[in-house]
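One structure is given below, encoded as structure tokens.
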Amino acid sequence: MEAVILLGAPGAGKGTAAEGIIQHTDYVHLATGNLLREAIAAGTELGRKAKAFMSEGELVPDDVVMGMVTERFAGGPSDAHYLCDGFPRTVEQARLLDGIFNKINARLRFVFVLEAPPEVSVMRISGRRICKDCGAVYHVTNIPPRVEGVCDSCGGELYQRVDDNEETVRNRLEVYRRQTASLVDYYDKKGLLTRIDASGHHEGVEKEILGYLSAEQGT
Ligand code: AP5
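Under the numbering used here, think of the first position of the sequence shown as 32, with each following residue one higher.
In structure tokens form, the structure reads like this:
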């Protein structure tokens, strides 16, 4: 098994880049935010534990997230390639992930940190719209659907996430600064970090990441 991690503040474009990358590679998108939202929608115990933290923009406790991710890894094929989006999110999660990978002899190939200024994050998140049926992500002005409120891919209705209001977004940015930003140093010290300027067009971001992945594959 091997993995690539996409780090970055809320709205940096991790999910959008991940969707582009998986179309050109055999990586499986593992987005803890999506898994937690699915658990809430399904009304599971995990979802009940996560709901209040998520609606406030706080992190879900490490043990809840690690239980969910460990289950995912255990249920997948041993040669799977994972594109981790929004995970790990704390140094504790990163250490536990290192422990899992050491135990199963898995390899962490790259950690990409997507960098964009906070105002860009707020602007992107406040205009984000998601398809209720297939999960495709749009932005009202940056990446608009052809017909307002309707998904280009499947015709599903577009909605806005409950935590995508300005107050919660500002808290999520503060939580990122306090609890997640130190992972940049953590992975830099391990020689795994690559910085990506994510303030430009999403296709440029995807292309740059794909370039790193294929360059390493070719060596
Ligand atoms: P999560 O779902 O991971 O949200 P997030 O990290 O806040 O990230 P976002 O999804 O908001 O941003 P993104 O970077 O993916 O941006 P996107 O590509 O969509 O987490 C939500 C919550 O779950 C957390 O607050 C926490 O409570 C909990 N949680 C999740 N994982 C956890 C963990 N490991 N531990 C503990 N708790 C956890 O883009 C945003 C918008 O911008 C879109 O509209 C898009 O169309 C547009 N856009 C994207 N890229 C570009 C671009 N280059 N140019 C122009 N527009 C762009």
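Where a beta carbon is used, it is the ideal one built from N, C-alpha and C, also for glycine.
When 206, 213, 225 are compared, the shortest CA-CA separation from residue 87 is found for 206. Not one heavy atom of ligand 1 is found less than 7 Å from the C-beta of residue 112. Taking residue 174 as the centre and dropping the five residues before and after it, the same chain places the C-beta of 47, 168, 233 closer than 8 Å to its C-beta, in chain order. Residue 178 is bridged by DSSP to 181. Listed in chain order, the non-local C-beta contacts of residue 66 below 7 Å within the same chain comprise 99, local neighbours out to five positions each way being set aside. Taking all protein chains in view, the Cβ of residue 182 is crowded by 16 or more other Cβ atoms within 10 Å, so the residue is classified as buried. The closest CA to that of residue 210, considering only 81, 147, 121, is found on 121. Between residue 156 and residue 190, the C-beta gap is not smaller than 8 Å, which leaves the two residues out of contact.
For residue 127, there is no enclosing beta strand (DSSP E); the residue is found in the alpha helix (DSSP H) stretching over 122-135. For residue 225, the enclosing beta strand (DSSP E) stretches over residues 224-228. Taking one beta carbon from each stretch, the stretch 139-155 and the stretch 36-44 have 3 or more pairs nearer than 8 Å; the two touch. DSSP places residue 164 in no beta strand (DSSP E); its state is neither H nor E. Excluding the 5 residues flanking it on each side, residue 218 has same chain C-beta neighbours closer than 6 Å at 142, 224, in chain order.
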